[in-house]
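Below is one structure, written out as structure tokens; comments come after it.
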Amino acid sequence: MAEPPQNLLMVGSVPLDTAEEVFRALAAKLGPYLSCIPDGEVGERHRWITFQAYRVMHGHPEIETLLRPAPIDGIENWRPRNVHDYWTFKVKPGVDRVKFGDPGWRLGYAHDAINSYFVFKTLRAAGAIPPTMRFQVCLPLPYSVLYLQFQDPADWERVGPGYEAAMREEVSTIVRKIPADDLALQWDCASEIVDLENFLPWTPREGKLERIAGQVDRLKLREIPRGVWLGLHLCYGTLGGWPMVMPKDFGVCVQAANAASAAAGGRFDFVHMPGPANRCDDDFYRPLEDLDLGHARVYLGIIHDHEKEAAPLRKRIEVARRHLPEFGLGAPCGFGRRKREELPGALEAHRLAAETLRSMS
């Protein structure tokens, strides 16, 4: 990173209604501990990639909808309750390559990022956000969308190239409209992580790491302006409750991080990987010794805000440092599926975690 890294990373989603609310809440409580600040993935993005299902895939003339979330009390509903209530699609017969129009805008990420950046820079100019803070934009790796929404692997070759091209165009728009030294791009990798844990029965068992590396390479992250910070958030998902599958150690995250970093030419500036509250043993943290991320700052997602005292976190930090001497902290995942009233306690837990980490330096 071009500037001294801070102790905390906010993963992305925050259960508030507007970007302004998110920026003000995070900056007021955690401003001294953050290097970049997200807009909370407000609105449709609260449920992460679900909005791609009904905004992009549902109704596309070359795509058929097989399953959508069940109505609630007879009223149509786009939010899935769990993985069994999730949007599912297939490419229509006779279609060799699905294409997405309106390049740079079709997926909605650039539109939302540009709008939120205006709020960000306005608040920063007014002094509500620290002057050195960057704006954090969170984007899914394309196969995080495709793994869940297209459960026939034969469809991936037909829809994948077009969707990846659409995502590259979104990134091009973002980096063209937002100054490099104001921007942090965080790539979210969740479906791929639970796939590495063999949680998705419809995906091929072979080539899982290669699929991660391949899509990172095709996104052309090496070509993003050097002044832009690039991050990677490895995630075990919250659909149905975190985690969708319990990791046995940090091994899967380390393998995925190394594969992605190599494919990006060591371009990542920060990498986040989550860990559970009930593991503070060397066996869980030992794989961190195998990280090969170049200059990237690692953030361990081991802040669990249900804990009422600092002792469990201190123990996890102590054990982690035996295997990775320097790191920052974050929650295991974003807060998009949390209740609004839980946010103050979660932010206070982050503040206390940052102070705990600082006191142990």
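Yeah, the sequence shown ends on 365 if you go by the numbering used here, and it's all consecutive. All residues carry an ideal CB built from backbone N, CA and C; glycine is no exception.
Residue i versus residue j: straight-line alpha-carbon distance, rounded
i: I306; j: L317; result: 7 Å
i: H64; j: L143; result: 21 Å
i: A194; j: S148; result: 6 Å
i: K94; j: R59; result: 16 Å
i: D186; j: S39; result: 11 Å
i: M250; j: W52; result: 20 Å
i: E161; j: R101; result: 8 Å
i: E359; j: K125; result: 27 Å
i: A114; j: R271; result: 21 Å
i: T69; j: D159; result: 13 Å
i: L356; j: R341; result: 22 Å
i: P8; j: I133; result: In this prediction, P8 has a pLDDT of 40, which is less than 50 and means its spatial position is unreliable; what the coordinates show is noted afterwards. Roughly 17 Å separates the two Cα atoms.
Beta carbon of residue i nearer than 8 Å to that of residue j
i: Q153; j: A57; result: yes
i: I67; j: K96; result: yes
i: N11; j: L333; result: yes
i: C284; j: K319; result: yes
i: L292; j: V275; result: no
i: Q155; j: G16; result: no
Buried or exposed by the 16-neighbour rule on C-beta atoms within 10 Å, applied to residue i
i: A353; result: buried
i: S363; result: exposed
i: R344; result: exposed
i: D287; result: exposed
i: R326; result: exposed
i: R49; result: buried
i: L347; result: buried
i: W206; result: exposed
i: H308; result: buried
i: D131; result: Checking the sequence shown, residue 131 turns out to be Gly, not Asp. It counts as exposed.
i: D77; result: exposed
Rounded distance between the beta-carbons of residue j and residue i, thought under 8 Å
i: D294; j: V323; result: With a Cβ gap of about 16 Å, D294 and V323 do not count as contacting.
i: V302; j: F331; result: 4 Å
i: L238; j: A261; result: 6 Å
i: Y4; j: P146; result: Because the chain spans 5 through 365 in this model, residue 4 falls outside it and cannot be assessed.
i: V369; j: A23; result: Residue 369 lies beyond the stretch modelled for the chain, which goes from 5 to 365, so this question has no answer here.
i: L304; j: M277; result: 7 Å
query = Are at least three pairs of beta-carbons, each pair with one atom in the region 225-237 and one in the region 104-122, less than 8 Å apart?
reply = Fewer than three pairs of CB atoms, one per stretch, sit closer than 8 Å, so the region 225-237 makes no contact with the region 104-122.
request  = Could you say if the region 123-141 and the region 41-50 meet the contact criterion of at least three C-beta pairs nearer than 8 Å?
outcome  = The region 123-141, when compared against the region 41-50, does touch it at the 8 Å Cβ threshold.
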